[in-house]
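Novice:
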């Protein structure tokens with residue numbers, strides 16, 4: 082079972098399934114969904130065990146939120162929704178629960194085979210309607226720099242040839 086510290090780092094989206102359906106259900110318009118589908122964002126997760134920051138960077142938009150695990154806060158999502166959100170770390174998974182306008186969404190991130198995977202995004206539309214969008218966002222770890230200050234190139238040891 083993964084620890085929260087194992088999720089810390091910079092992750093690059095390499096595969097996405099079901100995300101358009103999820104965006105449609107939360108009310109994102111077609112134009113923004115098309116733009117979102119083209120984005121290949123990096124997700125940067127940092128934490129000291131109690132405080133959590135998730136930053137999503139792409140060439141189109143950058144969003145970020147910081148919170149204390151287990152405490153409700155107001156989040157502005159990439160599509161502009163204002164949600165009441167609580168993030169927890171349970172059973173090796175980072176769980177982000179959002180509520181807005183009578184709707185709820187639970188996004189679960191965990192490690193699978195060394196990749197960060199968003200394994201579900203359950204959406205409660207009303208008391209009579211819910212949807213599991215079966216989102217699968219697979220992200221590969223990118224090289225970390227010191228203290229998560231930005232992207233750095235992978236270190237490669239080069240043998241110096243001094244002509245000897």
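In my numbering, the protein residues as written are 82 to 245.
By construction, the Cβ of each residue, glycine as well, lies at the ideal position given by its N, Cα and C atoms.
Compute the distance between the beta-carbons of residue 175 and residue 94, then report whether it is under 8 Å.
Specialist: Mapped onto the chain shown, residue 175 falls at position 94. Mapped onto the chain shown, residue 94 falls at position 13. Taking 8 Å as the Cβ cut-off, residue 175 and residue 94 do not qualify as a contacting pair.
Novice: Based on the DSSP secondary-structure assignment, which residues constitute the bridge partners of residue 102?
Specialist: Here residue 102 refers to the residue found at position 21 when the chain shown is read from its first residue. In the DSSP assignment, no residue is bridged to residue 102.
Novice: Who pairs with residue 77 in a beta bridge, going by DSSP?
Specialist: Absent from the structure is residue 77, since the part of the chain shown begins at 82 and ends at 245.
Novice: Whose CA, out of 129, 123, 148, 149, lies closest to the CA of residue 137?
Specialist: Along the chain shown, read from residue 1 onward, the residue named residue 137 stands at position 56. Out of 129, 123, 148, 149, 123 has the C-alpha closest to the C-alpha of residue 137.
Novice: I'd like to confirm the pairing. Which residues does DSSP put opposite residue 192 in its beta bridges?
Specialist: Taking the first residue of the chain shown as position 1, residue 192 is located at position 111. DSSP lists 197 as partners of residue 192.
Novice: Over what stretch of residues does the beta strand (DSSP E) that includes residue 133 continue unbroken?
Specialist: Position 52 of the chain shown holds residue 133. 132-138 is the extent of the beta strand (DSSP E) around residue 133.
Novice: Let's test the definition: count the other Cβ atoms within 10 Å of the Cβ of residue 117 and tell me whether it reaches 16, buried, or not, exposed.
Specialist: Here the question's residue 117 lines up with position 36 in the chain shown. Taking all protein chains shown into account, residue 117 has 16 or more neighbouring C-beta atoms within 10 Å of its C-beta and is therefore buried.
Novice: Identify, in the order they occur along the chain, each residue of the same chain with its Cβ nearer than 8 Å to the Cβ of residue 192, setting aside the five sequence neighbours on each side.
Specialist: If you number the chain shown from 1, residue 192 lands on position 111. Result list for residue 192: 83, 87, 88, 173, 198, in chain order.
Novice: Does DSSP put residue 90 in a helix, a strand or coil?
Specialist: Translated into positions along the chain shown, residue 90 becomes position 9. Reduced to three states, the DSSP call for residue 90 is strand.
Novice: Between residue 151 and the rest of its own chain, which residues show a CB-CB distance below 6 Å, the 5 nearest in sequence each way excluded?
Specialist: Numbered from 1 along the chain shown, position 70 holds the residue referred to as residue 151. Cβ neighbours of residue 151 beyond the five flanking positions: 169.
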